[in-house]
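As structure tokens, the structure follows; a few thoughts come after it.
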Amino acid sequence: MTVCRFAPSPTGHLHVGNLRTALLNFLIARRAGGTFILRLDDTDRERSSETYADAIRTDLEWLGLAWDREERQSARLERYHGAKDELIRSGRLYECFETPAELELKRKMQRRRGQPPVYDRTGLHLPQSEKAALRAERAGHWRFLLDRERVDWTDRILGEVSVDAASVSDPILIRGDGQFLYTLASVCDDIDFHVTDVVRGSDHVTNTATQVQIFRSLSCGAPDFAHHSLLTGPDGEALGKRIGAMSLRDLRDAGIEPMALLSHLARLGTSAPVQLRASLDELAQDLDLSRFGAAPAKFDARDARALTSRYLSSLPVAEVMPDLVSAGVPVGDAQPFWEAIRENLDVRADIGFWWRLCTDGADSRIEPADRDYVAAACSLLPPQPWDGGTWQSWTARVGQATGRKGRSLYLPLRMALTGRSRGPDMSRLMPFMKGAVRYRQAE
RNA sequence: GGUCCCUUCGUCUAUCGGUUAGGACGCCAGAUUUUCAAUCUGGAAAGACGGGUUCGAUUCCCGUAGGGACUGCCA
0 MTVCRFAPSP TGHLHVGNLR TALLNFLIAR RAGGTFILRL DDTDRERSSE TYADAIRTDL
60 EWLGLAWDRE ERQSARLERY HGAKDELIRS GRLYECFETP AELELKRKMQ RRRGQPPVYD
120 RTGLHLPQSE KAALRAERAG HWRFLLDRER VDWTDRILGE VSVDAASVSD PILIRGDGQF
180 LYTLASVCDD IDFHVTDVVR GSDHVTNTAT QVQIFRSLSC GAPDFAHHSL LTGPDGEALG
240 KRIGAMSLRD LRDAGIEPMA LLSHLARLGT SAPVQLRASL DELAQDLDLS RFGAAPAKFD
300 ARDARALTSR YLSSLPVAEV MPDLVSAGVP VGDAQPFWEA IRENLDVRAD IGFWWRLCTD
360 GADSRIEPAD RDYVAAACSL LPPQPWDGGT WQSWTARVGQ ATGRKGRSLY LPLRMALTGR
420 SRGPDMSRLM PFMKGAVRYR QAE
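If you're matching positions, the first sequence starts at 0 in numbering that gives the first Met the number 0 and goes up one per residue.
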């Protein structure tokens, strides 16, 4: 039984990088008919908030990434205590008493001497009497005693990975204030929830080595790991540096369609071409982790926008009926109006734009050179209401009267009627144009 | 400073030592629809740099440069 999890900490809004992680986990679970767990890593009570937890759920729901089970670490403290006791009993957890300032100083000096800033295990060798004395003045924190050996695993994206645990400090698992840290909590959760596949960003590669040792010391096997490269912005900058940029919330507000975004992220950084898919199931069918590269990939929202436009044009009228109705389109007009505009939308909200343009009328744009031409054409324009044949009969007459043809015949008329050089097929749009056209001279 | 990863068209990437270095998205042009879009056809567009191995290197090795991750009482 495949079990995957997406484990954000509710300390901020999700961004596209987070989404890629969530999506991969979701798709793996979906394809295998397994379980997808949403796990809120909220052991840090100060930074975590319910507001962000809600925002995360909202984002996932918007995208259709339904989770089968929700867990939160703040509710599992007892379990972590149990793990702590077990590790102490087996001698893998030891208490330390350095202050953060002392540790920083230590690292600084090691660095200055050209040594790697690895913890020197002072706490491990402290005599009991000294520990008791220290304990009286401050709360100790707990470190996991690493085996100083290489940890190897076959990563489903990176291939054979080998990390030397000797190059890493014994990780702190429990803070002085008793807070359990990610490194331990995550392992306990993966054990208890029987997680089989861990897909996460490659910033966790080193963690994996230490966590594999923790799995072992708790007498459990580690799950399969896959570490994907990190996403950057269009200029290669790290995501999340610019606050709010690339957040899912922003993309949603900008009108990006879920399936467009999902289709893009499922293939970005892979050797397979991006293909617009209609459903998560289709994406799940196509998913191939081995096609992901190890190099960081750039995410450009413009790609998601282009896909959004293509996605919208593929939709049947039933899918957009609520949008048409709320834009004020009468149900009887919905089908033909949708057919008229569907291929000319950037975002869903453009439905309202075109309908308002039809009902409220447009500000025309007339190039100075076309002023006489447009005036002549307008004198030939039949009064509203127009129908599906109006555009053709009108432009034919205008063409005869003025001798114009092709682009120079049509474009000024399109701009006079809609104020834009691009837009829906005019013969399909004209029947809906009931508002007055406000003619004015272009600058 | 240390460890690890990465570097091919604008972007994502293919290439198991010999290829006119391929595809997709984007872009440009033409065709078509006497409009917009769509579609079709075509086009421009790449091996970071320096060594080495080899008959032959984008491919293997070393180095340099650049980018990223980790090096937290964050996750």
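Idealized CB from N, CA, C, for every residue including glycine.
I'd like the span of the alpha helix (DSSP H) that includes residue i, first residue to last.
i: L102; result: P99 to R111
i: E45; result: From DSSP, E45 is part of no alpha helix (DSSP H); its letter is neither H nor E.
i: H12; result: That residue, H12, is in no alpha helix (DSSP H); it is neither H nor E in DSSP.
i: F214; result: V204 to S216
i: A305; result: A300 to S312
i: R120; result: Where R120 is concerned, there is no enclosing alpha helix (DSSP H), given that its DSSP letter is neither H nor E.
i: V316; result: V316 to A326
i: L264; result: P257 to R266
i: L428; result: M425 to L428
i: R129; result: Here the sequence assigns Glu to residue 129, which means Arg is not the residue at that position. Start and end: Q127 to E136.
i: L250; result: L247 to D252
Output the boundary residues of the beta strand (DSSP E) element that contains residue i.
i: H226; result: D223 to H227
i: I171; result: I171 to I173
i: T34; result: T34 to L39
i: E281; result: Careful: E281 lies outside any beta strand (DSSP E), inside the alpha helix (DSSP H) at L279 to D285.
i: G158; result: G158 to D163
i: D177; result: For clarity, residue 177 is Gly in the given sequence; the question names Asp instead. No beta strand (DSSP E) contains G177, which DSSP labels as neither H nor E.
i: E140; result: Note on residue identity: the sequence assigns His, not Glu, to residue 140. From DSSP, the beta strand (DSSP E) with H140 extends over H140 to F143.
i: F5; result: V2 to F5
i: V198; result: D196 to G200
i: D154; result: R149 to D154
Taking all protein chains shown into account, do 16 or more other C-beta atoms lie within 10 angstroms of the C-beta of residue i, making it buried, or fewer, making it exposed?
i: V15; result: buried
i: G388; result: exposed
i: C367; result: The sequence as given places Pro at residue 367; Cys does not occur at that position. Counting Cβ neighbours within 10 Å, P367 comes out exposed, since fewer than 16 surround it.
i: P126; result: exposed
i: H124; result: exposed
i: R437; result: exposed
i: A435; result: exposed
i: D424; result: exposed
i: I87; result: exposed
i: R241; result: Summary for R241: the model assigns pLDDT 49, below 50, so the residue's position carries little reliability; its value from the coordinates is reported in the next sentence. Looking at its Cβ environment, which holds fewer than 16 other Cβ atoms inside 10 Å, R241 is exposed.
i: A135; result: exposed
i: Q440; result: Low per-residue confidence applies at Q440: pLDDT is 48, beneath 50, and the placement is therefore not dependable, though the value from the model is reported in the following sentence. Exposed, by the Cβ-count rule.
i: H226; result: buried
i: M268; result: In the sequence on display, residue 268 carries Gly and not Met. The residue is buried, with at least 16 neighbouring Cβ atoms inside 10 Å.
i: T98; result: exposed
i: T121; result: exposed
i: M445; result: As shown, the chain starts at 0 and ends at 442. That puts residue 445 outside it, with no answer to give.
i: E442; result: Only weak support is given to the placement of E442: the predicted model assigns it a pLDDT of 41, under 50, and the question is left unresolved by the model.
i: M258; result: buried
i: H193; result: exposed
i: G63; result: exposed
i: P382; result: exposed
i: P170; result: buried
i: T153; result: exposed
i: M108; result: exposed
Take residue i as the anchor and find which of the options has the nearest alpha-carbon.
i: Q284; options: A265, V373, A296 and Y79; result: A265
i: G175; options: I365, E94 and E69; result: E94
i: R75; options: L62, D43, S89 and A65; result: D43
i: H12; options: R30, R46 and T34; result: R46
i: D10; options: V167, D40 and R30; result: What sits at residue 10 in the sequence shown is Thr, not Asp. The shortest Cα separation from T10 among V167, D40 and R30 belongs to D40.
i: A339; options: G360, A361 and L314; result: L314
i: E236; options: D188, L217 and D299; result: D299
i: R149; options: T195, L356, V167 and R364; result: V167
i: G232; options: R301, D189, L217 and R199; result: R301
i: E70; options: R29, S407 and D188; result: D188
i: I173; options: P222, W353 and F96; result: F96
i: L157; options: P295, D58 and S420; result: P295
Is residue i close to the ligand SAH? I mean its beta-carbon at under 6 Å from any heavy atom of the ligand.
i: V273; result: Inclusion of the ligand SAH in the displayed structure is not the case, the ligand content being empty and no account of it being possible.
Cβ contact check for the stretch 321-335 and the stretch 259-273: 3 or more pairs under 8 Å: As far as the Cβ criterion goes, the stretch 321-335 does not touch the stretch 259-273, which means the pair count is below three.
Sufficient close CB pairs (3 or more, under 8 Å) joining the stretch 175-186 to the stretch 107-122: no
Three CB pairs or more closer than 8 Å across the stretch 22-33 and the stretch 45-53: no
Length at least 4, wholly inside the stretch 61-105: the alpha helix (DSSP H) runs in chain order: 76-88
Given 8 Å, three or more beta-carbon pairs between the stretch 97-112 and the stretch 184-198: Cβ pair count under 8 Å is below three, so no.
Given 8 Å, three or more beta-carbon pairs between the stretch 245-253 and the stretch 190-207: no
Contiguous beta strand (DSSP E) assignments of at least 3 residues, all confined to the stretch 333-405: For the stretch 333-405, not one full-length beta strand (DSSP E) segment reaches 3 residues or more.
Cβ contact check for the stretch 344-351 and the stretch 378-394: 3 or more pairs under 8 Å: no
At least 3 beta-carbon pairs within less than 8 Å: the stretch 2-11 vs the stretch 275-282: no
Contact the stretch 391-406 vs the stretch 292-312: 3+ CB pairs below 8 Å: no
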